[in-house]
Amino acid sequence: MVHKILVALDQSEMSTQVFEQAISLAKDTHASLMLLNVLSPFEKAYSSASYPGSNGVFFGASEQTVQFYVEHWKRLEQESIEWLRSLEAKAIKAGVEPEFTHSVGDPGSVICALAQTWEADLIIMGRRGLSGLSELFLGSVSNYVLHHAPCSVLTVQEPRPSSQGTTQTTQTATTS
9 MVHKILVALD
19 QSEMSTQVFE
29 QAISLAKDTH
39 ASLMLLNVLS
49 PFEKAYSSAS
59 YPGSNGVFFG
69 ASEQTVQFYV
79 EHWKRLEQES
89 IEWLRSLEAK
99 AIKAGVEPEF
109 THSVGDPGSV
119 ICALAQTWEA
129 DLIIMGRRGL
139 SGLSELFLGS
149 VSNYVLHHAP
159 CSVLTVQEPR
169 PSSQGTTQTT
179 QTATTS
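Going by the numbering used here, the first residue of the sequence shown is number 9, and it counts up by one from there.
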């Protein structure tokens, strides 16, 4: 039985589908819901050429550069909290009372650690669909979580046409 669902969200388009799956399952099972957003300095969206440094890594950086970086991260954290609050309101409107949190760090590690400490029965998350060299070099958060989570994991994939005209949308794994 599912009592506690941890929902890992990353502000991508895929997160809408992940959120909707989580709300539906929480309503059906009367489970508690925890919404999580992890900001990572290693993600392309957060350490880009827009920083006046080398991908967010500042060796011998000026005080101005460091201040820019700190202010940018504060904005990202505030945006994360505001986004999670908007999802909280949507969940409440749908009849589910969620908790939410955000963190900075390695997404896979943070997701697994929170699942452990919060005693989640299920993690629901999206899958970007990386493969080949992209997955080798960038890694896969969903792959890490599938192999290290202390509970079952439901990954939601972007719908894609199959050979029979239906769409494949979810993948599940149970860890022991």
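Positions of the beta carbon are idealized from the N, C-alpha and C atoms, including for glycine.
For residue i, I'd like the list of residues in its chain whose CB is within less than 7 Å of its CB, leaving aside the five on either flank, ordered along the chain.
{"i": "Glu21", "result": "none"}
{"i": "Val118", "result": "Val46, Ser111"}
{"i": "Ser88", "result": "Asn45, Leu47, His110"}
Exposed or buried, which one is residue i when buried takes at least 16 other CB atoms within 10 Å?
{"i": "Pro167", "result": "exposed"}
{"i": "Thr163", "result": "buried"}
{"i": "Ala97", "result": "exposed"}
{"i": "Ala57", "result": "Summary for Ala57: the model assigns pLDDT 41, below 50, so the residue's position carries little reliability; its value from the coordinates is reported in the next sentence. Classification for Ala57: exposed."}
{"i": "Val26", "result": "buried"}
{"i": "Ser62", "result": "Only weak support exists for where Ser62 lies, its pLDDT of 45 falling under 50; the coordinates are left without a value."}
{"i": "Ser70", "result": "exposed"}
{"i": "Val74", "result": "exposed"}
Beta-carbon separation of residue i and residue j under 9 Å?
{"i": "Ser16", "j": "Leu44", "result": "It should be pointed out that residue 16 corresponds to Ala in this sequence rather than to Ser. Yes, the Cβ-Cβ distance between Ala16 and Leu44 is below 9 Å."}
If you draw a straight line from the alpha carbon of residue i to that of residue j, how long is it in whole angstroms?
{"i": "Val10", "j": "Val161", "result": "12 Å"}
{"i": "Gln165", "j": "Ile132", "result": "11 Å"}
{"i": "Glu107", "j": "Leu33", "result": "16 Å"}
{"i": "Glu28", "j": "Arg135", "result": "15 Å"}
From the options, pick the residue whose C-alpha is nearest to that of residue i; which is it?
{"i": "Thr24", "options": "Ala121, Leu92, Gly113", "result": "Leu92"}
{"i": "Thr109", "options": "Pro158, Ala121, Lys101, Ala102", "result": "Ala121"}
{"i": "Glu105", "options": "Ser94, Gly113, Pro115, Asp114", "result": "Ser94"}
{"i": "Lys101", "options": "Gln19, Lys35, Asp18", "result": "Lys35"}
Please work out which residues of its chain come closer than 6 Å, Cβ to Cβ, to residue i, disregarding the five sequence neighbours upstream and downstream, and give them in chain order.
{"i": "Thr37", "result": "Val10"}
{"i": "Asp18", "result": "none"}
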